[in-house]
Amino acid sequence: DTEVTQTPKHLVMGMTNKKSLKCEQHMGHRAMYWYKQKAKKPPELMFVYSYEKLSINESVPSRFSPECPNSSLLNLHLHALQPEDSALYLCASKVSNEQFFGPGTRLTVL
Amino acid sequence: LAKTTQPISMDSYEGQEVNITCSHNNIATNDYITWYQQFPSQGPRFIIQGYKTKVTNEVASLFIPADRKSSTLSLPRVSLSDTAVYYCLVGDRGTSNTGKLIFGQGTTLQVKP
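Residue numbers (the numbering used here), protein chains in the order written: chain V, 117 to 226; chain D, 966 to 1078.
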């Protein structure tokens, strides 16, 4: 299994909702990442987990809450988001010199 | 992390060789140069990585001059399916598992029939 999977593919939520994005990989990679990508812009790093511990938080607002329950799973909990948070959310895992990206979750906040 | 500069867009025709150059004037001694490809609504995909001189794999070549202040991604005989955004990244390969990837603006390659 050489892929990163993300669910759901699409998510529409209101500003008062609580939702979660899920990312999974079974390649044994111990570093996992969340990125946010707006239309026609490059991916922006949000969080980095190393060995299930948060190692980098790129000053992301607290309405985004990451969680790494085990070495294969990465979640991003969403609460009280704003319409400007609408974007493609990408998960990645890394080994050596290469990051493997998932297909992303397209999030729309109404 | 070293900043990269690439052309915003490029056009090519099927069957041609495409060269995309990336400038990274403040590259550090332990930095590697990595290129990713991204199709719309998909995650980026690793293409190639190098440190110096030339690296070739089954999809591309990467040319890095001796001063390492720039690099050129070469795509041989492009097809319509190579239409994508290409990102040049420079950073520490990471002796630990973590390693920040900071994406530049990327080059949108449009391949025409």
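Each residue gets a CB set at the ideal place from its N, CA and C atoms; glycine is no exception.
In DSSP terms, what residue i is bridged to
i       : result
D:L1074 : D:M975 and D:A1049
V:E229  : In the structure as shown, chain V starts at 117 and stops at 226, and residue 229 of chain V therefore has no counterpart that could be examined.
V:H195  : V:K134
V:A208  : V:Y149 and V:F217
V:H126  : V:R222
V:D201  : V:D201 pairs with nothing; no bridge assigned.
Listed by chain order, chain V residues near residue i by CB distance under 8 Å
i       : result
D:I1067 : L161
D:Q971  : What D:Q971 touches in chain V: nothing, since even the nearest Cβ is about 10 Å away.
D:S978  : The sequence shown places Tyr at residue 978 of chain D, not Ser. Neighbours of D:Y978 on chain V: none; closest Cβ ~24 Å, over 8 Å.
Under 8 Å from the C-beta of residue i: neighbouring residues of chain D
i      : result
V:V128 : What V:V128 touches in chain D: nothing, since even the nearest Cβ is about 16 Å away.
V:G220 : S1006, Q1007 and G1008
Minimum C-alpha distance to residue i - residue among the options
i       : options                              : result
D:L1045 : D:Q971, D:W1000, D:T994 and D:F1004  : D:F1004
V:S175  : V:C139, V:L190 and V:Y151            : V:Y151
V:P219  : V:S187, V:Q198 and V:A203            : V:A203
V:K125  : V:Y167, V:C207, V:L226 and V:Y149    : V:C207
V:L137  : V:A196, V:P182, V:Y165 and V:F216    : V:P182
V:N186  : V:S166, V:H193, V:H195 and V:Y205    : V:S166
D:H989  : D:L1074, D:F1068, D:S1036 and D:V983 : D:S1036
D:L1066 : V:T221, V:V128, V:M148 and V:E119    : V:M148
V:H193  : V:E119, V:Q122, V:K135 and V:D201    : V:K135
D:R1010 : D:K968, D:Y1051, D:L1038 and D:C987  : D:Y1051
Contacts that residue i makes with chain V (C-beta to C-beta distance below 7 Å)
i       : result
D:Q1070 : P158
D:Q1052 : Before going further, note that residue 1052 of chain D is Tyr rather than Gln in the sequence given. The contacting residues are P158.
Integer Cβ distance of residue i from residue j, believed to fall under 8 Å
i      : j       : result
V:F180 : V:L170  : Not quite, the Cβ-Cβ distance comes to about 12 Å (not below 8 Å), so this is no contact.
D:I992 : D:K1019 : Contact flag wrong, Cβ pair sits at about 17 Å.
> Taking a cut of 8 Å between CB atoms, which residues from the region 1010 to 1022 of chain D lie near chain V?
Replying inline: If the cut-off is 8 Å between Cβ atoms, the region 1010 to 1022 of chain D has R1010, F1011 and Q1014 near chain V.
>> Short of 9 Å Cβ to Cβ, which residues in the region 186 to 218 of chain V face chain D?
In response: Cβ contacts with chain D come from L204, L206, C207, A208, K210, V211, S212, N213, E214, Q215, F216, F217 and G218.
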